[in-house]
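J.:
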Amino acid sequence: DAGVTQSPTHLIKTRGQQVTLRCSPKSGHDTVSWYQQALGQGPQFIFQYYEEEERQRGNFPDRFSGHQFPNYSSELNVNALLLGDSALYLCASSYGLGNQPQHFGDGTRLSIL
Amino acid sequence: GENVEQHPSTLSVQEGDSAVIKCTYSDSASNYFPWYKQELGKRPQLIIDIRSNVGEKKDQRIAVTLNKTAKHFSLHITETQPEDSAVYFCAAPATDSWGKFQFGAGTQVVVTP
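As they're listed, the protein sequences go chains L and B. Quick note: the first sequence uses our numbering, first residue 1, plus one each step. Quick note: the second sequence uses our numbering, first residue 114, plus one each step.
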């Protein structure tokens, strides 16, 4: 039973570039949430996808966008990268909407130079 | 939105002693409270959760208690072992946006032999 998988594990970009991160949810899960975790801090909610639509959004600018595919996998896109976007990006999957247990992937470590 | 405060930020205990971490939340309608353990360089792992219709839940050496009146919930680890050393995060949902979780800042637990 595969857990949540994310790719790539590490990524280095320069300011102004664009990046796409990918997530496959745990088997049986249909909802994907994305979080940003800065060093030494708790995860910050970016947005959540269910039935291929963005359902909830945190306090992140429009540079952060996403997509969910029919197989429930998801992408996080960040445009016009800033130094402050350097962080661990975590994907969490769950079943259905509402307050359900979320299971995290290993994350993508994004470094902006 | 939901605000979650977590204390203490660091906790050092002797092996075999108990550890307690407390979180407070602001929205009285919040109804689901998970706890995550994150070891260095690894994913946050859901270790226990509680819903607002119960006051306590136990799973072997860990337990979570919920005080809805005071709006706080606590993680209790008994008979601590070196492998319990990690950062622990609490979370609570924003009731205006089900499924959107606010995380505490984390507690670094160090268990010394």
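Beta carbons are placed, not taken as given, at the ideal position from N, Cα and C, and that holds for glycine. Being a predicted model, the structure only gives us computed values, none of them experimental.
Contact criterion: CB-CB distance below 9 angstroms. Does L/Tyr128 meet it with respect to chain B?
T.: No information on residue 128 of chain L is available, as it lies outside the stretch 1 to 113 that chain L covers here.
J.: Does any C-beta atom of chain B lie closer than 9 angstroms to the C-beta of L/Thr31?
T.: Numbered from its first residue, the first sequence carries residue 31 of chain L at position 31. Closer than 9 angstroms to some Cβ of chain B, the Cβ of L/Thr31 qualifies, so yes.
J.: For B/Ala204 and L/Trp34, what's the separation of their Cα atoms in angstroms?
T.: Locating residue 204 of chain B in the second sequence gives position 91, where the first residue counts as 1. Locating residue 34 of chain L in the first sequence gives position 34, where the first residue counts as 1. C-alpha separation (whole angstroms): 15 angstroms.
J.: In terms of DSSP beta bridges, what is B/Lys171 paired with?
T.: For the purposes of this step, residue 171 of chain B is taken as residue 58 along the second sequence, with counting starting at 1. Paired residues: B/Ala176.
J.: Against chain L, does B/Lys184 count as a neighbour if the rule is that its beta carbon must be under 9 angstroms from one of theirs?
T.: Working through the second sequence from its first residue, we reach residue 184 of chain B at position 71. For B/Lys184, not one C-beta of chain L is nearer than 9 angstroms to its own C-beta.
J.: What does B/Ser125 pair with, by DSSP beta-bridge criteria?
T.: Working through the second sequence from its first residue, we reach residue 125 of chain B at position 12. DSSP lists B/Val223 as partners of B/Ser125.
J.: Between L/Arg55 and chain B, is any beta-carbon pair separated by less than 9 angstroms?
T.: In the first sequence, residue 55 of chain L corresponds to position 55, counting from 1. It does: the Cβ of L/Arg55 has a partner Cβ on chain B nearer than 9 angstroms.
J.: What does the Cβ neighbour count give for L/Phe69, buried or exposed, with the cut at 16 atoms within 10 Å?
T.: Translated into the one-based positions of the first sequence, residue 69 of chain L becomes position 69. Per the 10 Å Cβ criterion, exposed.
J.: Which of the three DSSP states, helix, strand or coil, is assigned to L/Leu11?
T.: As a position in the first sequence, residue 11 of chain L is number 11, starting the count at 1. Strand at L/Leu11.
J.: Using DSSP's beta-bridge definition, name the partner residues of L/Phe47.
T.: For the purposes of this step, residue 47 of chain L is identified with residue 47 of the first sequence, where counting begins at 1. Bridge partners of L/Phe47: L/Trp34, L/Arg57.
J.: Check each candidate in L/Pro8, L/Gly42, L/Leu21 and name the one with the smallest Cα separation from B/Glu118.
T.: Numbered from its first residue, the second sequence carries residue 118 of chain B at position 5. Distances from the CA of B/Glu118 to each of L/Pro8, L/Gly42, L/Leu21 were compared; the closest alpha carbon is that of L/Gly42.
J.: My understanding is that L/Val32 touches L/Tyr89, with C-beta atoms under 8 angstroms, so please give their C-beta distance in whole angstroms.
T.: Your numbering for residue 32 of chain L matches position 32 in the first sequence. Your numbering for residue 89 of chain L matches position 89 in the first sequence. Here L/Val32 is actually not in contact with L/Tyr89; their C-beta atoms are around 12 angstroms apart, not less than 8 angstroms.
J.: Give the secondary structure of B/Glu196 by DSSP, where H, G and I count as helix, E and B as strand, and everything else as coil.
T.: Here residue 196 of chain B refers to the residue found at position 83 of the second sequence. In the structure shown, B/Glu196 adopts helical secondary structure according to DSSP, grouped into three states.
J.: Taking B/Ser287 as the reference, which of B/Ile175, B/Lys184, B/Phe216 has the closest Cα?
T.: Residue 287 of chain B cannot be examined here, being either before or after the span of chain B that is shown, 114 to 226.
J.: Any C-beta of chain L sitting closer than 9 angstroms to the C-beta of B/Asn116?
T.: The residue labelled residue 116 of chain B in the question sits at position 3 within the second sequence. No, no contact with chain L.
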